[in-house]
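Asks:
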Amino acid sequence: MLVLGLGAGIWALGWVMDVAPRRRLVALAGLWAAVMLAHLLLPEGNGLRSALGGDARVWAVVGGLAGVVAAYVLGLSRLRARVAPVAPIAADAPFRPAELDRYARHILLREIGGPGQQRLKSARVLVVGAGGLGSPALLYLAAAGVGTIGVIDEDRVEGSNLQRQIIHADARIGLPKVQSAEIAMRALNPFIEVRPYQRRLDDATASLIADYDLILDGTDNFDTRYLVNRLCVAAEKPLISAAITQWEGQISLYDPARGGPCYECVFPERPLPGMVPTCAEAGVAAPLPGIIGSMMAMEAIKHLTGAGTPLRGRLMIFDALYSDARVIGAKKRPDCPVCGLSHPVA
Ligand SMILES: [Zn+2]
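Note that our numbering has the sequence shown beginning at 27, numbered continuously upward.
(1) Do Arg225 and Ile209 have their C-beta atoms closer together than 8 Å?
(2) Grab the span of the beta strand (DSSP E) containing Tyr223 for me, first residue to last.
(3) Classify Pro162 as helix, strand or coil using the three-state DSSP reduction.
(4) Does the Cβ-Cβ distance between Ser267 and Asp229 come in under 8 Å?
(5) Quick check on Ile7: does DSSP put it in helix, strand or coil?
(6) Using CA atoms only, rank isn't needed, just tell me which of Leu135, Phe293, Val204 and Gly139 is closest to Leu165.
(7) What do you reckon, is the C-beta of Pro282 under 7 Å from a heavy atom of ligand 1?
(8) Just the Cα atoms here: how many angstroms apart are Val310 and Arg145?
(9) Would you check if the region 164-181 and the region 337-356 touch, i.e. whether three or more CB-CB distances between them fall below 8 Å?
(10) Looking at C-alpha atoms only, which residue of Arg150, Ala55, Ser76 and Pro141 is the closest neighbour of Leu240?
(11) Measuring CB to CB, does Ser206 end up less than 8 Å from His194?
(12) Would you say the beta carbon of Gly366 is closer than 7 Å to some non-hydrogen atom of ligand 1?
(13) When we look at the beta-carbon of Asn215 and count the other beta-carbons within 10 Å, is it buried (16 or more) or exposed?
(14) Give a yes or no on whether the minimum CB-CB distance between Asp350 and chain C is below 8 Å.
(15) Per the DSSP calculation, Thr174 is bridged to which residue(s)?
(16) With hydrogens ignored, establish whether the beta-carbon of Lys358 is closer than 7 Å to any heavy atom of ligand 1.
(17) Do you know offhand how far Lys147's Cα is from Met43's?
(18) Taking the alpha carbon of Gln276 as the reference point, which residue from Phe344, Ile175 and Asp249 has its own alpha carbon closest?
(19) Nearest by alpha-carbon distance to Asn255: which of Asp81, Tyr289 and Ala346 is it?
(20) When DSSP labels each residue in this structure, what does Phe293 get in the three-state scheme?
(21) With a cut-off of 8 Å, do at least 3 Cβ pairs link the region 45-65 to the region 76-87?
(22) Grouping DSSP H, G and I as helix and E and B as strand, with all else coil, what is Leu100?
(23) What do you reckon, are the CB atoms on Pro303 and Thr271 nearer than 8 Å?
(24) Report back the beta-carbon spacing between Glu325 and Leu279 to the nearest angstrom; my notes put them in contact at under 8 Å.
(25) Which same chain residues end up closer than 8 Å to Gln189 when comparing Cβ atoms and leaving out the 5 residues on each side of it in sequence?
(26) Beta carbon of Glu295: closer than 7 Å to some heavy atom of ligand 3?
(27) Classify Asp181 as helix, strand or coil using the three-state DSSP reduction.
(28) May I ask you to list the residues that DSSP assigns as paired with Glu274?
(29) Which residues does DSSP list as the beta-bridge partners of Arg340?
(30) Just checking my contact of Ala346 with Trp273 at CB under 8 Å: how many whole Å lie between their CB atoms?
(31) Please determine, among Ala323, Ala236 and Val153, the residue with the shortest C-alpha to C-alpha distance to Arg221.
(32) Within 10 Å of its beta-carbon, does Ser161 have 16 or more other beta-carbons around it, so buried, or fewer, so exposed?
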């Protein structure tokens, strides 16, 4: 009774003084050791020994049982610590085995390999527009393992989008397009970060561009296209811009900071309102944005990994009706009001 009382006193004192349970257990083990020593060393009939109660064998059994319980609890807590959820890893952290397996066919390519895949993982790409061109571009950037993908669009998914905007789904009609796109990209690749911005890209949101390494523009209105070009030139960010109508599409990489023209060098005259019909007015063949949007993702991967020859200073025009692809040279204009002054001809 004396020993049990002492033990309870030690535990209660430790609790009051906020001593960690592990330390209180150590104190109890010390008490047990003192009792054992008293039983083993003091002569039989000693007053203290009889006051402690029991004998050496009883106390050895008590100590052994307590030791087994302590070992079990300790083992359990270690096991729990081991299966605790892992924190999300940084973009420059090494690949996990599941990622190596996922990107194995990229890593096999001589032009990409492990270093190229690592560049994709640390890259930050902003896609303007989650429509026809944005759909395949976003899906392929996600599948390819681009680490951070921003998507900006103010619209909501409509039924008439689904003939070509394959990142969305019938069940997501009415949702913001950026939210629908995020759902599809996360379902495809949980190892990437998606940043949705449900708004229009304008001067107020221009600072977004500074957060990204590469911008892809697949919007279908000229105001946004010229604005994105101006913002990219000012921030010295490379821009992959594409456009489609009916059966034809075009795409180029505009990067005057590293040579080549900007979008406005190539298309200096903004078409008069109504002269170039939008897809909503003139129609568009369903797979055409799939082809050109996939080319945008392809050029993005080439640019980020340094593979091949980019479309810098070259404009690719694809005519689906005649199955014809042409590439024409595009020059920087020294008198370009956007890139001519701040970036003299390279
Ligand atoms: Zn220019």
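Glycine included, every Cβ here is placed at the ideal spot set by N, Cα and C. Computed from a predicted model, the values in this text were never measured in an experiment.
Replies: Let's see:
(1) Locating residue 225 in the sequence shown gives position 199, counting from the first residue. Locating residue 209 in the sequence shown gives position 183, counting from the first residue. Not a contact, by the Cβ cut-off of 8 Å.
(2) To locate residue 223, count along the sequence shown from 1; it is residue 197. Note, Tyr223: beta strand (DSSP E), Glu219 to Tyr223.
(3) The residue you call residue 162 lines up with position 136 of the sequence shown. Here Pro162 sits in helix by DSSP.
(4) Translated into the one-based positions of the sequence shown, residue 267 becomes position 241. Translated into the one-based positions of the sequence shown, residue 229 becomes position 203. Taking 8 Å as the Cβ cut-off, Ser267 and Asp229 do not qualify as a contacting pair.
(5) One cannot answer for residue 7 here, as it falls past the ends of the chain, which runs 27 to 372.
(6) As a working note, residue 165 is residue 139 in the sequence shown. Ranking the options by Cα distance to Leu165, first place goes to Val204.
(7) To locate residue 282, count along the sequence shown from 1; it is residue 256. Yes, the beta carbon of Pro282 sits closer than 7 Å to at least one heavy atom of ligand 1.
(8) As a position in the sequence shown, residue 310 is number 284, starting the count at 1. As a position in the sequence shown, residue 145 is number 119, starting the count at 1. The straight-line gap from Cα to Cα measures roughly 35 Å.
(9) no
(10) Position 214 of the sequence shown, counted from the first residue, corresponds to residue 240. Ranking Arg150, Ala55, Ser76 and Pro141 by Cα distance to Leu240 puts Arg150 first.
(11) Here the question's residue 206 lines up with position 180 in the sequence shown. Here the question's residue 194 lines up with position 168 in the sequence shown. Yes. Within cutoff.
(12) Locating residue 366 in the sequence shown gives position 340, counting from the first residue. It does: the Cβ of Gly366 is within 7 Å (strictly closer) of some heavy atom of ligand 1.
(13) As a working note, residue 215 is residue 189 in the sequence shown. Label assigned to Asn215: buried.
(14) Among the protein chains of the structure shown there is no chain C, as only one such chain exists.
(15) Counting from 1 along the sequence shown, the entry for residue 174 is found at position 148. In DSSP, Thr174 forms a bridge with Arg150 and Glu219.
(16) Taking the first residue of the sequence shown as position 1, residue 358 is located at position 332. Answer for Lys358: yes, Cβ within range of ligand 1.
(17) The count along the sequence shown starts at 1 and reaches residue 147 at position 121. The count along the sequence shown starts at 1 and reaches residue 43 at position 17. If you take the alpha carbons of Lys147 and Met43, they lie about 50 Å apart.
(18) For this step, residue 276 is matched to residue 250 along the sequence shown. Among Phe344, Ile175 and Asp249, the Cα nearest to that of Gln276 belongs to Phe344.
(19) Taking the sequence shown and counting its residues from 1, one reaches residue 255 at position 229. Comparing Cα positions, the closest option is Tyr289.
(20) The residue given as residue 293 occupies position 267 in the sequence shown. Phe293 falls in the coil class under three-state DSSP.
(21) yes
(22) Working through the sequence shown from its first residue, we reach residue 100 at position 74. Note: Leu100 maps to helix in three-state DSSP.
(23) As a first step, residue 303 must be located in the sequence shown, where it is residue number 277. As a first step, residue 271 must be located in the sequence shown, where it is residue number 245. In this structure, Thr271 lies closer than 8 Å to Pro303 by Cβ.
(24) As a first step, residue 325 must be located in the sequence shown, where it is residue number 299. As a first step, residue 279 must be located in the sequence shown, where it is residue number 253. So it is a contact: roughly 6 Å between Cβ atoms.
(25) For the purposes of this step, residue 189 is taken as the residue at position 163 of the sequence shown. Here the set comprises Ala312.
(26) Of the ligands one can find in the structure shown, namely ligand 1, none is ligand 3.
(27) The count along the sequence shown starts at 1 and reaches residue 181 at position 155. The answer is coil: DSSP assigns Asp181 none of H, G, I, E or B.
(28) Within the sequence shown, numbered from 1, the residue matching residue 274 stands at position 248. Answer is Thr271 and Asp345.
(29) Translated into the one-based positions of the sequence shown, residue 340 becomes position 314. DSSP, once it has assigned bridges, lists Gly355 as partnering Arg340.
(30) Taking the first residue of the sequence shown as position 1, residue 346 is located at position 320. Taking the first residue of the sequence shown as position 1, residue 273 is located at position 247. About 4 Å; that satisfies the 8 Å criterion.
(31) As a position in the sequence shown, residue 221 is number 195, starting the count at 1. When Ala323, Ala236 and Val153 are compared, the shortest CA-CA separation from Arg221 is found for Val153.
(32) As a working note, residue 161 is residue 135 in the sequence shown. Buried, since its Cβ has 16 or more Cβ neighbours within 10 Å.
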